[in-house]
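In the numbering used here, the protein residues as written are 11 to 264.
Okay, structure coming up:
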């Protein structure tokens, strides 16, 4: 069995080389790329016409879902793609080279983050300029939160892939990791109206701050202190989860 190379400091060259390799692989997998980029747009399109008779309802929840949909799709695709590389032995071969776990995780995050930019830009543009999502603040702030949410989904996907032995198990992590956040993020009712225990739990879940950030843009013309706090928390959670993902990364599935 190959012996892993000694741990090295994070390298920009190794990270970008890893990201380029992942993007080359994704180029030959158009269905995965379509899932990541087009599904959030399709969901927003359907949501708009589900509430065709109540544009105000779409305005009230559309901004929140603009952040939630990218998070979910990036989580699902990233966890499966990373697990597929591990089960095929690719990660084991890569980690036998002068490539640290940090380089590998950062490279994956960079590659999927590039797709997240495209995904978030298309979804935000569709919602605001085509579907008529009425927001008080700048659409660029919506795009920022949507991008951070997609990056958070990428980080969570990379993290949970270390604990799955098959692609089916990776999908099973969705009810455990994503669904509780979806229920407690304030999408269906304000977090203040929840049972105090659930409200406290929602305060430590990153999706809650993603929704809060979107709502700040929905209601305020300027960048508020609450918006800055919410976006920083989402970004910090993504960075923390990426760090944990590097620490728990396995060379191969047992």
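Here a beta-carbon is modelled for each residue, glycine too, at the ideal position from N, C-alpha and C. Since the structure is predicted, the reported quantities are computational estimates derived from the model, not experimental observations.
- prompt: Of the residues 231, 39, 154 and 47, which one's Cα is nearest the Cα of residue 240?
  reply: Counting from 1 along the chain shown, the entry for residue 240 is found at position 230. Sorting 231, 39, 154 and 47 by C-alpha distance to the C-alpha of residue 240 places 154 at the top.
CA nearest to the CA of residue 254, picked from 168, 140, 24 and 94: The residue you call residue 254 lines up with position 244 of the chain shown. Cα-wise, what sits closest to residue 254 is 168.
field: Where residue 62 falls: helix, strand or coil (DSSP)
entry: Mapped onto the chain shown, residue 62 falls at position 52. In the three-state reduction of the DSSP assignment, residue 62 falls in the coil class, being assigned neither a helical nor a strand state.
message: Less than 8 Å between the C-beta atoms of residue 50 and residue 26, yes or no?
response: Along the chain shown, read from residue 1 onward, the residue named residue 50 stands at position 40. Along the chain shown, read from residue 1 onward, the residue named residue 26 stands at position 16. At a Cβ-Cβ threshold of 8 Å, residue 50 and residue 26 do not count as neighbours.
task: Report yes if the CB atom of residue 159 is closer than 8 Å to the CB atom of residue 77, and no otherwise.
output: Here residue 159 refers to the residue found at position 149 when the chain shown is read from its first residue. Here residue 77 refers to the residue found at position 67 when the chain shown is read from its first residue. In terms of Cβ geometry, residue 159 and residue 77 form a close pair [threshold 8 Å].
- prompt: Can you tell me whether residue 125 is buried or exposed, with buried defined as 16 or more other CB within 10 angstroms of its CB?
  reply: Along the chain shown, read from residue 1 onward, the residue named residue 125 stands at position 115. That one is buried.
Near the ligand MN: residue 199 beta-carbon under 7 Å from a heavy atom: As presented, the structure is devoid of all ligands, the ligand MN included, so that no description of it is given.
- prompt: Is there a Cβ from chain C that is less than 8 Å from the Cβ of residue 238?
  reply: Within the model displayed, chain C is absent; a lone protein chain is all it includes.
- prompt: Using a Cβ-Cβ cut-off of 8 Å (strictly less than) and excluding sequence neighbours within five positions of residue 232, which residues of its own chain qualify?
  reply: Counting from 1 along the chain shown, the entry for residue 232 is found at position 222. So the qualifying residues of the chain are 147.
Assigned exposure category for residue 74 - 16 Cβ within 10 Å defines buried: As a working mapping, residue 74 is identified with position 64 in the chain shown. Flag for residue 74 reads buried.
- prompt: Whose C-alpha, out of 249, 48, 37 and 220, is nearest the C-alpha of residue 132?
  reply: As a working note, residue 132 is residue 122 in the chain shown. Cα-wise, what sits closest to residue 132 is 48.
message: Is the separation between the beta-carbon of residue 184 and that of residue 86 shorter than 8 Å?
response: The residue you call residue 184 lines up with position 174 of the chain shown. The residue you call residue 86 lines up with position 76 of the chain shown. Note that the C-beta distance between residue 184 and residue 86 is below 8 Å.
Pairwise C-alpha distance: residue 122 and residue 24: One-based indexing of the chain shown puts residue 24 at position 14. One-based indexing of the chain shown puts residue 122 at position 112. Between residue 24 and residue 122, the C-alpha separation is close to 16 Å.
- prompt: Between residue 188 and residue 214, what straight-line distance do the alpha-carbon atoms span, to the nearest angstrom?
  reply: Position 178 of the chain shown, counting from 1, holds the residue named residue 188. Position 204 of the chain shown, counting from 1, holds the residue named residue 214. Answer to the nearest angstrom: the Cα atoms are 14 Å apart.
query: What's the C-alpha gap between residue 70 and residue 30?
result: Here residue 70 refers to the residue found at position 60 of the chain shown. Here residue 30 refers to the residue found at position 20 of the chain shown. Rounded to the nearest angstrom, the two C-alpha atoms are 39 Å apart.
field: As assigned by DSSP and simplified to three states, the class of residue 167
entry: The count along the chain shown starts at 1 and reaches residue 167 at position 157. Residue 167 falls in the helix class under three-state DSSP.
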